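Student: Here you go, one structure.
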Amino acid sequence: MCGIVGYVGSRDAAPILLNGLRRLEYRGYDSAGIAVFDGQRIQIRRAVGKLQGLIDQVAREPVHGHIGIGHTRWATHGEPSVRNAHPHLSQNGQVVVVHNGIVENFLALKDELQAEGFTFRSDTDTEVIVHLIERYLEGHGMGIVEATRRALKHLRGSNAIVVLAATEPDKLVTARLGNAGGITLGFGQDEMFVASDLPAILEHTRQVAFLEPGQMAVVTREGAQVLSLDGEPIPYEITTVPWDPVAAEKGEYRHFMLKEIHEQVRGLTDTIAGRIEPSAARVRFLHLEATPEFARRIPKIFITACGTAYHSGLVGKFYFERLARIPTEVVIASEFRYMDPIVPEGAVVLAISQSGETADTLAAMEEGRRKGATLWAIVNVIGSQAMRMADGYISMQVGPEISVASTKAYTATLADLYMLALYLAELRGTLSEAQRRQLIQDLLTLPDLVGETLQREDQYAAIARRFVRAQNMFYLGRGINMPTAYEGALKLKEIAYVHAEGYPAGEMKHGPIALLDENFPVLALAPRDPWYEKMISQVEQSRARGAPTLAVATDGDDRAASLADAVLWVPETPWLLSPVTSVIPLQLFAYHIATERGLDVDQPRNLAKSVTVE
Ligand code: G6P
Numbered sequence: 083m084c085g086i087v088g089y090v091g092s093r094d095a096a097p098i099l100l101n102g103l104r105r106l107e108y109r110g111y112d113s114a115g116i117a118v119f120d121g122q123r124i125q126i127r128r129a130v131g132k133l134q135g136l137i138d139q140v141a142r143e144p145v146h147g148h149i150g151i152g153h154t155r156w157a158t159h160g161e162p163s164v165r166n167a168h169p170h171l172s173q174n175g176q177v178v179v180v181h182n183g184i185v186e187n188f189l190a191l192k193d194e195l196q197a198e199g200f201t202f203r204s205d206t207d208t209e210v211i212v213h214l215i216e217r218y219l220e221g222h223g224m225g226i227v228e229a230t231r232r233a234l235k236h237l238r239g240s241n242a243i244v245v246l247a248a249t250e251p252d253k254l255v256t257a258r259l260g261n262a263g264g265i266t267l268g269f270g271q272d273e274m275f276v277a278s279d280l281p282a283i284l285e286h287t288r289q290v291a292f293l294e295p296g297q298m299a300v301v302t303r304e305g306a307q308v309l310s311l312d313g314e315p316i317p318y319e320i321t322t323v324p325w326d327p328v329a330a331e332k333g334e335y336r337h338f339m340l341k342e343i344h345e346q347v348r349g350l351t352d353t354i355a356g357r358i359e360p361s362a363a364r365v366r367f368l369h370l371e372a373t374p375e376f377a378r379r380i381p382k383i384f385i386t387a388c389g390t391a392y393h394s395g396l397v398g399k400f401y402f403e404r405l406a407r408i409p410t411e412v413v414i415a416s417e418f419r420y421m422d423p424i425v426p427e428g429a430v431v432l433a434i435s436q437s438g439e440t441a442d443t444l445a446a447m448e449e450g451r452r453k454g455a456t457l458w459a460i461v462n463v464i465g466s467q468a469m470r471m472a473d474g475y476i477s478m479q480v481g482p483e484i485s486v487a488s489t490k491a492y493t494a495t496l497a498d499l500y501m502l503a504l505y506l507a508e509l510r511g512t513l514s515e516a517q518r519r520q521l522i523q524d525l526l527t528l529p530d531l532v533g534e535t536l537q538r539e540d541q542y543a544a545i546a547r548r549f550v551r552a553q554n555m556f557y558l559g560r561g562i563n564m565p566t567a568y569e570g571a572l573k574l575k576e577i578a579y580v581h582a583e584g585y586p587a588g589e590m591k592h593g594p595i596a597l598l599d600e601n602f603p604v605l606a607l608a609p610r611d612p613w614y615e616k617m618i619s620q621v622e623q624s625r626a627r628g629a630p631t632l633a634v635a636t637d638g639d640d641r642a643a644s645l646a647d648a649v650l651w652v653p654e655t656p657w658l659l660s661p662v663t664s665v666i667p668l669q670l671f672a673y674h675i676a677t678e679r680g681l682d683v684d685q686p687r688n689l690a691k692s693v694t695v696e
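Numbering (the numbering used here), first residue to last: 83 to 696.
Structure representation (structure tokens):
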């Protein structure tokens, strides 16, 4: 949700913090702020709205110092405003805190602190943390590390914080409670970084360590000491992150989203490479292994995820059931633990999450763990909580995804799910070697097909311009491309703010068709897959009701061309992989409608890239 960054070293802290926040703005952009110790006292700059407001403010009123913290906010408690913007300062002005998460018992703590005489200056739950720290610092004469540790003991819920105290301006204290929001420590030369996410520090260092839930760290320019919440030192590992910092730059593209859409060829190539042994018709993963005995006994797979990742899971169900013959249920992560799932012995819970930090997905994994399932995950962010919780994981090979609307992580996940199904099929003996060989050959053609699809951007953009004024849209799909309809509609909602509904085409006649008229365009997913005929008849039916019709159809499809008002053409694709090529025109269609409407594609209103609260 919120983005956090911290710096201690010999350089000027403010530009480093602002730059870090710039790379974290996708985590929230309701307000932003920094606090820097200037040698005398803590200086705070905060501004509501996007980061530029803060950058302008710092330019007007510069702050200089060698240690500081920063925050970009996605509001949960308290409206977006300057008074609710982080960092939050203690009453005595000696301690400042940035925070990600929700203090679940904040009302009770607030009452208690108010009764003790603390005055609250914001509506946030964060403010209780800083007052609690001050209480121990002042009242009990403790140092900042001990005062923070004591304060943390009062907090319920999942929270990540970074603390700076004017009384000990050589160190930052950071902590992670529960799953919400990771904390990454970055190790530089005589300088240290703290951040909620890697992109904030990648340009400075790739040597990092990750805090586990229930750990805190004392960070000075020389390094970090990790402690348990009981104050016991804990050994930790420093890892080198392979990501290229340039990958987190927009480069020649106008938006991260457009860049990431175009990175899908490379993303798919990297995803497939190294996992496939075409000569042996085999798939292998580095961090996910199963024995034939284990695979044969899997009675059921639960796929659990949110948003776009959930849609990829719906396609995954097809792969697992068709190729590996494993019954699969796809569950929205925020529902999983409330449905009291019946998890048979030997079952697998597979979580899909680009960020690996989505609170609901992590909670679903925990539920799976409680019920005795084996936990697998498909994740992008290295070192993320989902990756570390899982018994086995597949790491997406797409580099950082910055745009709030997910694109390249979606298509890479589809390829990962396809390969995982092939792997399980081999172990379970559900496909012959010849069949697997063919399916692998099909997969190897995918990057080229995606490249070919992307070259049609201008055609898709031209169609988008024709529909730029649409207020409502149906995206209809069936079978393996029903999730494509959901995903296409989600893209349009997220970035273009058009009411778009993804709907199973066969259900239209049971009610929704009543909505159709000349102002309600219908987009039908009609590539050449086993549901093609049905989808074409859907275009006919929608037309008969006077709705403008669009179709995603395969090159050379004359019927689609003669029926639909506009066709988003895709190259002929093996049908099991058609969700990959079919989604690309929909990503670009949404992108171009949004840009035509002058909207902020990378940072759509009210959204955040990773949702680390429930
Ligand atoms: C947010 C984002 C979506 C994303 C979803 C799941 O809602 O706006 O784009 O699909 O979270 O995120 P995850 O990181 O778990 O894949």
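Think of the CB as a built atom: it goes at the ideal place given N, C-alpha and C, for glycine as much as any other residue.
Note that this is a predicted model, so its numbers are computed, not measured.
1) Work out the CA separation of residue 170 and residue 224 for me, nearest whole Å.
2) Do you know how far the Cα of residue 91 is from the Cα of residue 201?
3) In terms of residue numbering, what span does the beta strand (DSSP E) encompassing residue 652 cover?
4) By DSSP's criteria, residue 607 is part of a beta bridge. Which residues make up the other side?
5) If you measure from the CB of residue 691, is any heavy atom of the ligand G6P nearer than 7 Å?
6) Once you ignore the five residues that flank residue 157 on each side, which residues in its own chain have a CB closer than 8 Å to its CB?
7) For residue 211, name the three-state secondary structure that DSSP assigns.
8) Measure the alpha-carbon distance for residue 527 versus residue 338 and round it to whole angstroms.
9) So residue 410 and residue 399 are supposed to be a Cβ contact under 8 Å. How far apart are they, rounded?
10) So what does residue 274 bridge to, in DSSP terms?
11) If you reduce the DSSP assignment to three classes, tell me which class residue 580 lands in.
12) Indicate the three-state DSSP secondary structure (helix, strand or coil) for residue 324 in the structure shown.
13) Using the beta-carbon count (16 or more within 10 Å), is residue 125 buried or exposed?
14) How would you label residue 222, buried or exposed, when you count the other beta carbons within 10 angstroms and need 16 or more for buried?
15) Kindly list the residues whose CB is nearer than 7 Å to the CB of residue 103, restricted to its own chain and excluding five residues on each side of it in sequence; keep chain order.
16) Count the other C-beta atoms from every protein chain shown that fall within 10 angstroms of the C-beta of residue 322, then say buried if there are 16 or more, exposed otherwise.
17) Report the three-state DSSP secondary structure of residue 474 (helix, strand or coil).
18) Any heavy atom of the ligand G6P inside 7 Å of the beta-carbon of residue 84?
19) At 4 residues or longer, what runs of the alpha helix (DSSP H) sit wholly inside the stretch 285-356?
20) Residue 383 bridges to which residues according to DSSP?
21) Below 7 Å, is the gap between the Cβ of residue 486 and the nearest heavy atom of the ligand G6P?
22) Considering just the uninterrupted stretch of the alpha helix (DSSP H) at residue 674, what are its terminal residues?
23) With DSSP collapsed to three states, give me the class of residue 555.
24) So is the beta-carbon of residue 390 under 7 Å away from any non-hydrogen atom of the ligand G6P?
25) With H, G and I counted as helix, E and B as strand and the rest as coil, what does DSSP make of residue 227?
26) Does the stretch 490-503 touch the stretch 469-480, meaning 3 or more C-beta pairs lie closer than 8 Å?
27) Under DSSP, the alpha helix (DSSP H) around residue 623 begins and ends at which residues?
28) Any heavy atom of the ligand G6P within a distance shorter than 7 Å of the CB on residue 443?
29) Less than 7 Å separating the Cβ of residue 278 from some heavy atom of the ligand G6P?
30) Residue ranges of each beta strand (DSSP E) run of no fewer than 3 residues wholly in the stretch 116-165, ordered along the chain?
31) Hey, out of 431, 390 and 135, whose CA is closest to residue 468's CA?
32) Mapping the DSSP letters down to three states, classify residue 261 as helix, strand or coil.
33) Between residue 240 and the ligand G6P, is there a pair consisting of the residue's CB and a ligand heavy atom that are separated by less than 7 Å?
34) Report yes or no: do the stretch 296-306 and the stretch 203-213 share at least 3 C-beta pairs separated by less than 8 Å?
35) With burial defined as no fewer than 16 other Cβ atoms inside 10 Å of the residue's Cβ, what is the status of residue 462: buried or exposed?
36) What does DSSP give as the partner residue(s) for residue 256 in the beta ladder?
Tutor: Taking the definition as stated:
1) If I take the Cα positions, the gap works out to 20 Å.
2) 33 Å
3) 648-652
4) 634
5) yes
6) 110, 112, 113 and 166
7) Three-state DSSP puts residue 211 in a helix.
8) 26 Å
9) 4 Å
10) 90 and 269
11) coil
12) coil
13) In this structure residue 125 is buried. Its beta-carbon is surrounded by 16 or more other beta-carbon atoms within 10 angstroms.
14) exposed
15) 85, 87, 114, 133, 152 and 154
16) Classification for residue 322: exposed.
17) strand
18) no
19) 338-344 and 346-354
20) 410 and 430
21) yes
22) 660-678
23) strand
24) yes
25) helix
26) Taking 8 Å as the limit for Cβ pairs, the verdict is that the stretch 490-503 does touch the stretch 469-480.
27) 614-626
28) yes
29) no
30) 124-130 and 149-155
31) 431
32) Correct three-state label for residue 261: coil.
33) no
34) no
35) buried
36) 244 and 299
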